[in-house]
Amino acid sequence: MSEWLENHLPKMVLAPSFIAVLVFVYGFIGWTAWVSLTRSKLLPRYEIHGFIQYDRLFASPRWDTAMNNLFIFGALFIVIAMVLGLLLAIMLDQKIRTEGVIRTIYLYPMALSMIVTGTAWKWILNPGLGIEATVRGWGFENFSFDWVVNPDFAIYTIVLAAVWQSSGFVMALFLAGLRSVDGEIIKAAQVDGIPTWRIYTAIIIPSMAPIFLSAFIVLAHLAIKSFDLVIALTGGGPGYATDLPATYMYAMAFSRGDIGQAASSAMIMMLVVFAIVVPYLYSELRAKTDG
Amino acid sequence: MAPILDIKSLYKNYGTTEILKDINVAIEPGDFLVLVGPSGCGKSTLLNCIAGLEPISGGSLHIGGKDMTHVSPKDRDIAMVFQSYALYPTMSVAKNITFGMKVRGIDQATQDRKLAEVASQLQIEQLLNRRPGQLSGGQRQRVAMGRALVRDPKLFLFDEPLSNLDAKLRVEMRSEIKKLHQTLGASMVYVTHDQIEAMTLATKIVVMKGGVIQQIGSPSEIYNRPANLFVADFMGSPAMNLIPAKIRQNGGDAQIEITRSTGAPIVFHDPKAKGLPEDVILGLRPEDIAESGFRAGEGVQEAECQVEMVEPAGADTYVVSELGGKQVTARMHAETSAVPGQSLSFAFDLSKVSYFSTGSGERLN
Amino acid sequence: MADLAHSTPRSQSNLGRIALRWLLYILLAVFALYYLMPLFVMVTTSLKSLDEIRTGSLVALPREVTFDAWKTAWSGACTGIQCEGLQPYFWNSVLLAVPAVMISTLIGALNGYVIAQWRFKGANLIFSLMLFGCFIPFQVVLLPMARLLGMMGLAGTIPGLIFVHVIYGIGFTTLFFRNYYVTIPSELVKAAKVDGANFFRIFWSIFLPLSLPIIVVTVIWQFTQIWNDFLFGVSFSQAGTQPVTVALNNIVNSTTGVKEYNVDMAAAIIAALPTLLVYVVAGKYFIRGLTAGSVKG
Numbered sequence: 000m001s002e003w004l005e006n007h008l009p010k011m012v013l014a015p016s017f018i019a020v021l022v023f024v025y026g027f028i029g030w031t032a033w034v035s036l037t038r039s040k041l042l043p044r045y046e047i048h049g050f051i052q053y054d055r056l057f058a059s060p061r062w063d064t065a066m067n068n069l070f071i072f073g074a075l076f077i078v079i080a081m082v083l084g085l086l087l088a089i090m091l092d093q094k095i096r097t098e099g100v101i102r103t104i105y106l107y108p109m110a111l112s113m114i115v116t117g118t119a120w121k122w123i124l125n126p127g128l129g130i131e132a133t134v135r136g137w138g139f140e141n142f143s144f145d146w147v148v149n150p151d152f153a154i155y156t157i158v159l160a161a162v163w164q165s166s167g168f169v170m171a172l173f174l175a176g177l178r179s180v181d182g183e184i185i186k187a188a189q190v191d192g193i194p195t196w197r198i199y200t201a202i203i204i205p206s207m208a209p210i211f212l213s214a215f216i217v218l219a220h221l222a223i224k225s226f227d228l229v230i231a232l233t234g235g236g237p238g239y240a241t242d243l244p245a246t247y248m249y250a251m252a253f254s255r256g257d258i259g260q261a262a263s264s265a266m267i268m269m270l271v272v273f274a275i276v277v278p279y280l281y282s283e284l285r286a287k288t289d290g
Numbered sequence: 000m001a002p003i004l005d006i007k008s009l010y011k012n013y014g015t016t017e018i019l020k021d022i023n024v025a026i027e028p029g030d031f032l033v034l035v036g037p038s039g040c041g042k043s044t045l046l047n048c049i050a051g052l053e054p055i056s057g058g059s060l061h062i063g064g065k066d067m068t069h070v071s072p073k074d075r076d077i078a079m080v081f082q083s084y085a086l087y088p089t090m091s092v093a094k095n096i097t098f099g100m101k102v103r104g105i106d107q108a109t110q111d112r113k114l115a116e117v118a119s120q121l122q123i124e125q126l127l128n129r130r131p132g133q134l135s136g137g138q139r140q141r142v143a144m145g146r147a148l149v150r151d152p153k154l155f156l157f158d159e160p161l162s163n164l165d166a167k168l169r170v171e172m173r174s175e176i177k178k179l180h181q182t183l184g185a186s187m188v189y190v191t192h193d194q195i196e197a198m199t200l201a202t203k204i205v206v207m208k209g210g211v212i213q214q215i216g217s218p219s220e221i222y223n224r225p226a227n228l229f230v231a232d233f234m235g236s237p238a239m240n241l242i243p244a245k246i247r248q249n250g251g252d253a254q255i256e257i258t259r260s261t262g263a264p265i266v267f268h269d270p271k272a273k274g275l276p277e278d279v280i281l282g283l284r285p286e287d288i289a290e291s292g293f294r295a296g297e298g299v300q301e302a303e304c305q306v307e308m309v310e311p312a313g314a315d316t317y318v319v320s321e322l323g324g325k326q327v328t329a330r331m332h333a334e335t336s337a338v339p340g341q342s343l344s345f346a347f348d349l350s351k352v353s354y355f356s357t358g359s360g361e362r363l364n
Numbered sequence: 000m001a002d003l004a005h006s007t008p009r010s011q012s013n014l015g016r017i018a019l020r021w022l023l024y025i026l027l028a029v030f031a032l033y034y035l036m037p038l039f040v041m042v043t044t045s046l047k048s049l050d051e052i053r054t055g056s057l058v059a060l061p062r063e064v065t066f067d068a069w070k071t072a073w074s075g076a077c078t079g080i081q082c083e084g085l086q087p088y089f090w091n092s093v094l095l096a097v098p099a100v101m102i103s104t105l106i107g108a109l110n111g112y113v114i115a116q117w118r119f120k121g122a123n124l125i126f127s128l129m130l131f132g133c134f135i136p137f138q139v140v141l142l143p144m145a146r147l148l149g150m151m152g153l154a155g156t157i158p159g160l161i162f163v164h165v166i167y168g169i170g171f172t173t174l175f176f177r178n179y180y181v182t183i184p185s186e187l188v189k190a191a192k193v194d195g196a197n198f199f200r201i202f203w204s205i206f207l208p209l210s211l212p213i214i215v216v217t218v219i220w221q222f223t224q225i226w227n228d229f230l231f232g233v234s235f236s237q238a239g240t241q242p243v244t245v246a247l248n249n250i251v252n253s254t255t256g257v258k259e260y261n262v263d264m265a266a267a268i269i270a271a272l273p274t275l276l277v278y279v280v281a282g283k284y285f286i287r288g289l290t291a292g293s294v295k296g
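Chains as they are written, first to last, in numbering that gives the first Met the number 0: chain A, 0 to 290; chain B, 0 to 364; chain C, 0 to 296.
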């Protein structure tokens, strides 16, 4: 008996977590998928009616805006954060004496809640008393910077704040990558007389391809899940100008009482995440078992 | 006396791959059994099976006369020394050694007494309060041995315990293990890929390849009468010369014909070769080939060979020639007159010769 | 990495090198300003009076330092109809984060120990499934979780939020510990088994004492995640049980009365203080967690 227990103890220890994951992740995804195929409104109903919720979703201008915003925000956020992160990492890699301090400064926003970040930037960007007023106060009377309340530009303020929050983290990733490049290869290149910038472009950066991929995955994931920042910075407004799928889903679920729409929009979000993450995880796990 | 360890037709599979096939080994109390073979031959898996760290797929395993086939490691009355030493990193040396006793609820006084005994036996008294991280490789090795010794088990298991040490320390520790075995009279099973370790330590050697036992025997049996080409090639350094040859049956005598790089084939006579097939592999160790005049005896026969290479190695000089299309190494004295490119008379001691089948590789004589 | 800075090719003139170096430092300083500016503005604004905010400049230091805004933010600001400041919600967050962090870390440690050191058939599949759970957008579980909490009678309670954070934290904590424990040679467990120790004894006596660094990383990661969470907080709490992030958002976006920017900023800093403190004190571990949590699967 104790023999049996000893042999099965590891499985029994893992079992509760496994069951929890099965139920609360996969089961719940299943539930949401199911409900997304029904006519659920305020309360969930379980008779399947095909893809009507998805039809409604794709016909909704608000969802259209949300997806467009996600595309604009995601693309800009990822590209800017990666470029900025790489640039900062390379600059910091040049034997900077105060590297520790500078790194700390660049990275601290990552410790903040998106709500805090949103609150801070909302204040800084508000036209009445923020940057616009300050620059006008310096004598540039015609200076205008009202993006946060301008429906055409509000989405870019989300990009601005998100980049501020996350680019330091990308820098940390890249910096770690730069430093993990085999020193002997670099020495060999130096002995061959290859200039520093060529060493970066031809040797170091190409060898960091996995880090680029990781950074991309993390940022894409952050972009799709972005919710708090929008709520705090613009509240999705003006109007629906800065709605993202996450805020759309939340609004449908908790203020509009439209569970069917909430479920179908959540499923679309998950499909987008899957499309990005699954190939990555698959290759990661396969590389691991092969090695 | 009943065998202390008795393994009968043991099998081990991982899924559909067979790791160990039909293993049958038994040793008497006081034996030093060495499992030797190239990496991946299953020797460590076999040791883990003996320890109970890997379940067995088929067959039985008895330790001290008791069936231990499905018993957990802690109840097998064994102790084990690992390749990486596997010292508990956060515990002091003393705690490492006494951990097993503490887990088993042995009283503090006994723990202290045994710890003191073992520490003095291994001369590690001054290390008892240190952490493993503060020890050198050799010291860690001693502590790992101490952890095994303190248990006073029926069977000691060693999993390549010396392979992480540098060459000099390895030789030192090897003789210490040998001494320990002699003073304790304990039964030991020892895994290594190093055939010299196997030869020096063992009272009994098991040579393995691909999960199958190739030969079991005393070191001299294994060395002098290898059971097949694999064992012949694996045991001994430099390796046994394995020369393709043709046997011509000639009435009461048998002629052995070996081609040379220059001139007509060499022809030897050996009555032992009677009745062998026409094509064989002839096995002769380097030390059984000498310069003519330096080896005498019944089976010694001489032949002129072209010297290809001369490698002085201090006490000996290795002289390489080409016979039967193979490089053949002879172990000659340091002041040999061999000169590369010239021919020299070699003395072959055919009393030591082994014949192997070209097909199966099995020993024929 | 090799010394790149040291070996600039000789062809480059010395003057050019010095100029380049200056440019580098200036650029680094400009970026430092970009990252520090919002914090600076938050702090200075929180120390100004409303009058000064209206008349003065965003980036100016306060002419007269006043802590009134901090007092209001802590104990007087209105989150909707309630006007008790951030204080009760701050303690809600503490009450919520401490047990959730402890439980999820402990479970993660045990899971990681099993997956890394007691491999059994299917363990890798289970690990992959758990890992995958880290990546789902939580929107996809919000609706069923809300119903489940309702059925369990945990809707709008702190224990309910603890439950949610533990469930969705396990994936990451398991990942951290698993990746730490796979680097420990499996011979250690074998040696301990031969020594007679059982599953829990080996964990307790050998693995746990080894785990301090990864425990710190995991605790910091979990604490930051849970403290900064907004989505679960806003979805599964009700008036009185909200965590500090939700309360902060309510203060900032409450439409009643005059907009008190100084109070908003003070409240934001208060909400950010615990995680900032962790970052300043244990930045090394914080970064390690971030990188481990995102790079290695």
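All residues carry an ideal CB built from backbone N, CA and C; glycine is no exception.
- Secondary-structure assignment with DSSP links Pro243(B) through a beta bridge to Ile280(B).
- Pairwise C-beta distances place the region 243-253 of chain C out of contact with the region 172-179 of chain C, as fewer than three of them are shorter than 8 Å.
- DSSP links Arg330(B) through a beta bridge to Tyr317(B).
- With contacts defined as CB atoms closer than 8 Å, Phe347(B) and Val299(B) qualify as a contacting pair.
- In the structure shown, Cys304(B) falls within a strand segment according to DSSP collapsed to helix, strand and coil.
- For the region 171-199 of chain C, residues whose beta-carbon sits nearer than 7 Å to a beta-carbon of chain B comprise Pro184, Glu186, Leu187, Lys189, Ala190, Lys192, Val193, Asp194, Gly195 and Ala196.
- Minimum Cα-Cα distance from Gly79(C) among the listed residues Asp67(C), Ser204(C) and Gly239(C) corresponds to Gly239(C).
- Here Lys113(B) is actually not in contact with Val70(B); their C-beta atoms are around 24 Å apart, not less than 8 Å.
- Within chain B, the C-beta atoms nearer than 7 Å to that of Ile205(C) come from Tyr87, in chain order.
- Beta-carbon to beta-carbon, Phe72(A) and Ile154(A) are separated by about 6 Å, close enough to satisfy the 8 Å threshold.
- Remark: fewer than three beta-carbon pairs, one from each stretch, lie closer than 8 Å, so the region 96-111 of chain A and the region 272-286 of chain A are not flagged as touching.
- Within its own chain, the residues whose Cβ lies closer than 8 Å to the Cβ of Leu177(A), once the five positions on either side in sequence are excluded, are Ala88, Ile89, Asp92, Ile203 and Met207, listed in chain order.
- In the three-state DSSP reduction, Asn227(B) falls in the strand class (E or B).
- Contact between Asn248(C) and Ala231(A) is confirmed by a C-beta separation of about 6 Å, below the 8 Å threshold.
- Listed along the chain, the chain B residues whose CB falls inside 7 Å of the CB of Pro208(C) are Thr89.
- According to the DSSP assignment, Phe27(A) belongs to the alpha helix (DSSP H) that extends over Phe27 to Val34.
- In this structure, the alpha-carbon of Tyr249(A) lies about 34 Å from that of Leu85(A).
- Between Val34(A) and Leu142(C) the beta-carbon gap is near 7 Å, inside 8 Å, which marks them as a contact.
- Of all residues in the region 134-146 of chain C, only Phe134, Ile135, Pro136, Phe137, Gln138, Val139, Val140, Leu141, Leu142, Pro143, Met144, Ala145 and Arg146 place a beta-carbon less than 9 Å from a beta-carbon of chain A.
- Restricting attention to alpha helix (DSSP H) runs no shorter than 4 residues, the region 35-62 of chain B encloses them at 42-50, ordered along the chain.
- Inclusion of Val266(B) and Gln248(B) in the CB contact set at 8 Å is not warranted, their separation being larger than that value.
- Below the 9 Å Cβ cutoff, chain C contributes Tyr34, Pro37 and Leu38 as neighbours of Pro108(A), in chain order.
- Identification of chain A residues near Ser56(C) by a Cβ-Cβ cut-off of 7 Å yields Thr133 and Gly136, ordered along the chain.
- Taking the Cβ atoms as the reference, Val230(B) lies roughly 5 Å from Gln214(B), within the contact range of under 8 Å.
- For Pro244(A) against Ile267(A), the beta-carbon gap comes to about 7 Å, under 8 Å, which counts as contact.
- The three-state reading of DSSP puts Met234(B) in coil, since its state is none of H, G, I, E or B.
- When beta bridges are read from the DSSP output, Ala25(B) appears opposite Asp5(B).
- In this structure, Ile201(C) sits away from Thr104(C), with a CB-CB distance that is not shorter than 8 Å.
- Taking the Cα positions, Leu343(B) is about 6 Å away from Ala337(B).
- Taking all protein chains shown into account, Asp191(A) has fewer than 16 neighbouring C-beta atoms within 10 Å of its C-beta and is therefore exposed.
- By the neighbour-count criterion, in which 16 or more other beta carbons inside 10 Å mark a residue as buried, Arg62(C) falls on the exposed side.
- At a Cβ-Cβ threshold of 8 Å, Ala72(C) and Ala265(C) count as neighbours.
- In this structure, Gly170(C) lies near Met129(C), with their beta-carbon atoms less than 8 Å apart.
- Around the beta carbon of Ser264(A), a 10 Å sphere encloses 16 or more other beta carbons of the protein chains shown; the residue is thus reported as buried.
- Our two residues, Asp151(A) and Gly234(A), have alpha carbons roughly 15 Å apart in a direct line.
- The criterion of a C-beta distance shorter than 8 Å is satisfied by Leu154(B) and Ile3(B).
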